[in-house]
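Worksheet: one structure, shown below.
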Amino acid sequence: MTRCPRSISVSLLLLTLVAGGCASLPTQPGQPIGLLRVSGPNVWLNGAPARNGDQVAIGSSLATGPGSSALLEFRDGGYLQLDQNTDPIFEWLAQSKCILVRIFKGQAYLKRERACVEGPNLSMVLNSEANIRIHERPGLSEVTLLQGRAEITAPARLTLQPGQRFSASERRIAALRTLSREELAAVVAWRASYRFKPLPATKPKVPIILWPKPPRPPEPGRPDQPKPEPPAPTEPPSPEKPKRNWPALERDRLPPDLIERRPEPVIR
456 MTRCPRSISV SLLLLTLVAG GCASLPTQPG QPIGLLRVSG PNVWLNGAPA
506 RNGDQVAIGS SLATGPGSSA LLEFRDGGYL QLDQNTDPIF EWLAQSKCIL
556 VRIFKGQAYL KRERACVEGP NLSMVLNSEA NIRIHERPGL SEVTLLQGRA
606 EITAPARLTL QPGQRFSASE RRIAALRTLS REELAAVVAW RASYRFKPLP
656 ATKPKVPIIL WPKPPRPPEP GRPDQPKPEP PAPTEPPSPE KPKRNWPALE
706 RDRLPPDLIE RRPEPVIR
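Quick look at the structure:
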């Protein structure tokens, strides 16, 4: 199995995980890993205003400002939605073979099979959907699991079940409780504040049909080209013989051995 190289970047580094190995993962800067959808005027891709349908590549930087959100759709499935004022860093964690989402502040909704998440006070491995919120002050980290399973590895080992919220502060567990349906809906209510336009439709590739080229006519005056033979003359059809319209004689109707012959007269 091919091992993925570890790469660290101060900007957004997004890599795609393929089950069974990393052979098809993009490994060079500039190779696309997903498509971006934008909501609001304050979304930047590589320091420039982002547009709906832009390709996010390895080494790209992504940031959201006030009243804006970004939705990244990964090539191999899943997505990540960023709330306003969120600046995460994405890296490839070779030991765990998963995408490492390192969030210093802000809020994000992550839906992906096997994704690693780190914050100032937590570290976990996610399998499915979770809402992650990192408060700047007083250094509080919250993880709410919506579906699937999450393994908390720091500050203590813990397995989250759907509907539970885990809080960590100052490298210790601050709270762990199961939320009601109303509380879960309130946690992800921020996502309804943004509207994303559909991605531009890509034109389907029309297959190119290569028809065989017609034979090239011989050039006049070339000795290597055989001259075409003239067509053979055709003889006109012979006229049909007229049919007999008179009645046939008895001799013509009977075979010779059945015809009675008259005796010759005897001369005395």
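Just add 455 to the spot in the sequence shown (first one is 1) and you have the working numbering. Note that beta-carbon positions come from the ideal geometry of N, C-alpha and C, so glycine has one too. On a predicted model such as this, the values are computed, not experimentally measured, just so you know.
- Excluding sequence positions up to five before and after T519, its CB lies within less than 6 Å of the CB of V498, A525, L537, Q539 and T541, all in the same chain and listed in chain order.
- Relative to L601, the option among A656, K566 and P655 whose CA is nearest is K566.
- In the structure shown, W645 adopts helical secondary structure according to DSSP, grouped into three states.
- Counting only runs of at least 3 residues, the segment 537-591 fully encloses the following beta strand (DSSP E) elements, listed from N- to C-terminal order: 544-548, 553-557, 561-574 and 577-589.
- V493 places its beta carbon 9 Å or farther from that of A503.
- Here Q619 is bridged, per DSSP, to T633.
- Contact between S523 and L500 is absent: CB atoms are separated by about 12 Å, not below the 8 Å threshold.
- G603 sits away from E625, with the two beta carbons spaced by 9 Å or more.
- I628 and P655 have their C-alpha atoms some 45 Å from each other.
- L581 has its alpha-carbon roughly 15 Å from the corresponding atom of Q550.
- Assignment of A687 by DSSP, reduced to helix, strand and coil, places it in the coil class.
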